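The numbers in the sequence shown follow the working numbering, run straight up by one, and end at 302. Glycine is no exception: its CB is placed at the ideal position from the N, C-alpha and C atoms. Remember, predicted model here, so these are calculated numbers, not experimental data.
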Amino acid sequence: MNIFESIKKEFTIPNAYGNWKVYRRELTDLIIQDAKKSRTAGKSCGSLAVLGAGPCNDLDLQRLISHFGSIDLIDVDVDSVKEGLINQGQEHCPSIHIKKASLTGVEQELTERFFNRLYMYLVEKGRSVTETDFIERSIMEFKLVEQDMFKTSDDFTHILPEKSYDMVVAAGLHSQLWSILSYSWHILSGNVSEQILGGRTIDPEPFHDHIREVDDKFIPVMNEAILGSAKERVLFSSEYDPNYPSEGAWQCIKDVRQRYTRGDIELDESTLEWPFYPEQRRKYTMLIQDIKMC
């Protein structure tokens, strides 16, 4: 296993399926309620897309297949999705389909390349590297990654064709767009701090600020594509703390609210508690943005 594969393993939450039982039930309830509302209004809600599905620990697939005739699980990490299907005993369900796709346009190989190139830069520079050098090179490498990002909503059409699903769900997606890349950067930053800078911590804000600028532009574009792919409803679940906003999640929340203010969508908001990692006392209040297309 290479270093990058080890980094990916860090994103596996132990006992997630068991610990998320209540959150999974409540989130699934909301999706099913929306499906029933569409049927009551005489409209179909037969197809569902789950974006950034991962191992589906937050969704009850058995319940969902009784309300949707077709479910697409879309994620760049197909192995993770397959593990989730096996865990829930749905690996042979004919109604569930796995679609491999990056929702940023950036494939896993590019994220790995970001880490490897930055690592080799540090090897070459050795002890002569400064904090400024490291930050500048980090942003330069990230800008190379950005070249492959989707730039317009039309770039998503091969993943999310217009009006292709009755309902689209994205739970915890927006905060995870750069999570592995950011985590890998923090590993290298820690190495520079300990081995070269005598323990002095590198200020991460310049790098985080750049990611924030990218998300400010990208997330409204991605949301436009997501909304355009839904015939009836979209449900977003995003980490919500106005005092300490989660990167990516906060941009999504603001963008959806702006669309509601403009009258582009109908919107109901509520919250759920997500016991993300109880052993580390990490939990989130998730803002549910239940969107009905106008």
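In the same chain as ILE40, and ignoring 5 residues on each side of it, the C-beta atoms closer than 6 Å to its own belong to HIS75, in chain order.
Per DSSP, reduced to three states, the secondary structure at HIS105 is strand.
The criterion of a C-beta distance shorter than 9 Å is not satisfied by GLU99 and LEU280. Proximity to GLN297 across LEU275, ILE79, GLY54 peaks at LEU275, based on C-alpha coordinates. Distance from the Cα of ASP37 is smallest, within the candidate group ASP68, ALA109, TYR25, VAL114, for ASP68.
By DSSP's assignment, ARG47 forms no beta bridge with any residue. The beta-carbon separation of HIS182 and SER237, rounded to 16 Å, does not stay under the 8 Å limit for a contact. For TRP258, the secondary structure class from DSSP, reduced to helix, strand or coil, is helix.
In the DSSP assignment, ASP217 falls within the unbroken alpha helix (DSSP H) covering 213-237.
Leaving aside the five residues that flank SER88 on each side, the residues in its chain whose CB is nearer than 7 Å to its CB run, in chain order, GLY62, PRO63.
Using a Cβ-Cβ distance cut-off of 8 Å, the region 132-152 and the region 18-28 are not in contact, since fewer than three pairs of beta carbons, one from each stretch, lie closer than that value. If you check the CB distance, THR165 and ALA233 come in under 9 Å. Counting the other CB atoms within 10 Å of its CB gives ARG241 a total of 16 or more, which places it among the buried residues.
Three or more Cβ pairs drawn from the region 183-198 and the region 249-261 lie within less than 8 Å of each other, which places the two stretches in contact. Approximately 18 Å separates the beta-carbon atoms of ILE82 and ALA43; this is outside 8 Å, ruling out the contact. With 16 or more other Cβ atoms from the protein chains shown falling within 10 Å of its own Cβ, LEU168 counts as buried.
Each of PRO228, THR269, LYS239, ASN65 was checked against the Cα of GLY256, and the nearest Cα belongs to PRO228. Per DSSP, the beta-bridge partners of PHE244 are ALA178, GLN297.
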